[in-house]
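Presented below is the structure to which this report refers.
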Amino acid sequence: TDDHEAIAIAAQLQDAARAADFRKRSGETASAYGTRMHDIFQEMTHSLEPFGPEGRVITEVVVDGKGRLVTFGGSPADATNYAKVTGDTDVFTADTVILKKGVDAKKVIVGQKLEDIGLLIVDYKTGDAQLSGRQKAGAARVGVPLAKLTSEGDLVDDVANVIERSVARKAS
65 TDDHEAIAIA AQLQDAARAA DFRKRSGETA SAYGTRMHDI FQEMTHSLEP FGPEGRVITE
125 VVVDGKGRLV TFGGSPADAT NYAKVTGDTD VFTADTVILK KGVDAKKVIV GQKLEDIGLL
185 IVDYKTGDAQ LSGRQKAGAA RVGVPLAKLT SEGDLVDDVA NVIERSVARK AS
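Take the sequence shown: its letters are residues 65 to 236, numbered as in the numbering used here.
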């Protein structure tokens with residue numbers, strides 16, 4: 065029950081992370097640089113075929129404290145706005161989620177538990193930036209693995225490991 069499509073998606077995402085122009089502009093702060101790289105990565109992710117916005121990759125993912133997908137495809141401010149309106153202090157975000165085999169963004173997935181639809185949560189980081197404690201806690205709470213995507217990383221290996229563990233769990 066290998067998920068070769070998920071491996072191909074990971075390869076495309078890794079290629080996108082490596083293809084971004086990583087040169088820091090003169091006078092650009094670390095925060096501005098990270099935001100610019102994030103925006104470039106999101107634009108590149110949206111152009112991925114056939115896995116992009118209508119396939120098995122969703123971006124700007126917001127998950128509530130109960131582990132349900134609130135929204136995706138919007139902006140980083142969506143999580144903050146959601147938390148302000150609802151008072152949900154356990155909301156967390158991810159740059160990208162690779163959906164499970166048989167699930168795609170064309171289906172009604174908002175409101176679904178992330179553990180039921182998500183194969184891997186992926187967050188894009190530049191330089192030595194780390195995954196946030198909120199992301200780590202959120203991923204652990206919803207039961208979906210979390211991976212850090214960097215230009216030097218190996219997302220294909222991360223996805224292969226997730227698939228291997230999933231197959232082993234089903235077999236036991």
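We treat Cβ as the ideally placed atom computed from N, Cα and C, and that holds for glycine.
The C-beta distance from K212 to A70 rounds to 17 angstroms, too long to fall under 8 angstroms, and the pair is not in contact.
Pairing G175 with R132 gives a Cβ-Cβ distance under 8 angstroms.
For E124, the enclosing beta strand (DSSP E) has its first and last residue at 121 to 127.
By the Cβ-count criterion, Q194 is exposed, with fewer than 16 other Cβ atoms from all chains shown falling within 10 Å of its own Cβ. Annotation for V186: T160, A211, L213 place their beta carbon closer than 6 angstroms to its own, counting only its chain and skipping 5 residues before and after. V206 is a Cβ neighbour of V127, given a cutoff of 8 angstroms. The shortest C-alpha to C-alpha distance from T150 to any of Q78, K130, E179 is the one to K130.
For G191, the closest C-alpha among the options K200, K88, I173, V223 is that of K88. Each residue's CA atom was taken as its position, placing G202 and G91 some 34 angstroms apart. When the five nearest sequence neighbours on each side are left out, the beta carbons in the same chain lying within less than 6 angstroms of the beta carbon of G119 are those of D168, in order along the chain.
Going by beta carbons, T123 and H110 fall inside the 8 angstroms limit.
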